[in-house]
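Student: Take a look at this one; I'll ask things after.
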Amino acid sequence: MSIELHRARAWIFDMDDTLYPREQGVMRLVQERINAFMMAAVGLPQEEARVLQKQFLNEHGTTLAGLMANYAVDPEAFLHEVHDVPLDSLEPNPGLDAALRRLPGRRFVLTNGARYHAARVLARIGITGAFDGIHAIEDMDLVPKPAPATFRRFLAAHAIEAEEAVFFEDTPRNLAPAKALGMTTVLVGDGHGHEIGDWVDHQTPDLLEFLTETALKEAA
Numbered sequence: 013m014s015i016e017l018h019r020a021r022a023w024i025f026d027m028d029d030t031l032y033p034r035e036q037g038v039m040r041l042v043q044e045r046i047n048a049f050m051m052a053a054v055g056l057p058q059e060e061a062r063v064l065q066k067q068f069l070n071e072h073g074t075t076l077a078g079l080m081a082n083y084a085v086d087p088e089a090f091l092h093e094v095h096d097v098p099l100d101s102l103e104p105n106p107g108l109d110a111a112l113r114r115l116p117g118r119r120f121v122l123t124n125g126a127r128y129h130a131a132r133v134l135a136r137i138g139i140t141g142a143f144d145g146i147h148a149i150e151d152m153d154l155v156p157k158p159a160p161a162t163f164r165r166f167l168a169a170h171a172i173e174a175e176e177a178v179f180f181e182d183t184p185r186n187l188a189p190a191k192a193l194g195m196t197t198v199l200v201g202d203g204h205g206h207e208i209g210d211w212v213d214h215q216t217p218d219l220l221e222f223l224t225e226t227a228l229k230e231a232a
């Protein structure tokens, strides 16, 4: 069973397309760079490289994990190259900053992205100070969500009890291991057309609205 939100003491957020709307387009720019890196790394034309990249994403959780399993690539070079995108489209969100700070307990970012990318994005939105920590792909030893071991290591690293945690994510399958560990799960957005199973406790089209309503309930 999902916990009542008022019992939550740890609030965990995916970053890209979760802490800002997908429509702001940052991941589209990252995807373009991933496509270019794939073409160079595997020596395939664009369409074939794109098919292989989707296969890696489905089988390994990230393109990088698939590349590392099948090709000799420099993970640091990959992470820097694909995340080195302009963030002009991201809009500062002081309302989100205030809503995050009102949540009782600690707040973390759990992202398959690079640490420096997370730092840039949070600074651009203006929500860096709302978080107690960032757990990025480097902190996962490059083993991304949805690997269950990655979630267990994250919880252990930050002394979080799963039953007191809420996890927000835009990719449905990444919520499944969190739910299995005992977290309450919140899907942000429409799930990108993927299956939304019973491992999703709540779904919201708008993160700020959901957090605002949660804070009001907490205060009631």
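If you're matching positions, the sequence shown starts at 13 in this note's numbering and goes up one per residue. Cβ atoms here follow ideal geometry from the backbone N, Cα and C, with glycine treated the same way.
#1: Just list the residues that DSSP pairs I24 with in beta bridges.
#2: Give me, in chain order, the residues of the same chain whose beta-carbon lies closer than 7 Å to that of L234; leave out the 5 immediate sequence neighbours on both sides.
#3: Pull up the distance between the alpha-carbon of F224 and that of A111, whole angstroms please.
#4: Specify whether the stretch 51-62 and the stretch 142-161 touch according to this definition: at least 3 beta carbon pairs, one from each stretch, less than 8 Å apart.
#5: Nearest-angstrom Cα distance between A131 and L91?
#6: By the three-class DSSP mapping on this structure, what secondary structure does H170 have?
#7: Thinking C-alpha only, which one of F25, A148, E221, T30 is nearest F120?
#8: Are the stretch 161-174 and the stretch 184-196 in contact at 8 Å, needing three or more beta carbon pairs?
#9: Exposed or buried, which one is K66 when buried takes at least 16 other CB atoms within 10 Å?
#10: Comparing alpha-carbon positions, which option in T30, A52, T75, A84 lies nearest N105?
#11: Around the Cβ of H204, are there at least 16 other Cβ atoms within 10 angstroms (buried) or fewer (exposed)?
Tutor: According to the structure shown:
#1: Here residue 24 is taken as the residue at index 12 of the sequence shown, counted from 1. F120, F179, per the DSSP bridge assignment.
#2: Lying outside 13 to 232, the shown extent of the chain, residue 234 is not represented and no answer is given.
#3: Your numbering for residue 224 matches position 212 in the sequence shown. Your numbering for residue 111 matches position 99 in the sequence shown. As written in the sequence, residue 224 is Thr, which differs from the Phe given in the question. If I take the Cα positions, the gap works out to 6 Å.
#4: no
#5: One-based indexing of the sequence shown puts residue 131 at position 119. One-based indexing of the sequence shown puts residue 91 at position 79. The alpha-carbon atoms of A131 and L91 are separated by roughly 14 Å.
#6: Taking the sequence shown and counting its residues from 1, the one referred to as residue 170 is at position 158. Coil.
#7: Within the sequence shown, the letter at position 108 stands for residue 120. Ranking the options by Cα distance to F120, first place goes to F25.
#8: yes
#9: Taking the sequence shown and counting its residues from 1, one reaches residue 66 at position 54. By the 10 Å Cβ count, K66 comes out exposed.
#10: Position 93 of the sequence shown, counted from the first residue, corresponds to residue 105. The option with the nearest alpha carbon to N105 is T30.
#11: Walking along the sequence shown from the start, residue 204 turns up at place 192. Exposed is the call here.
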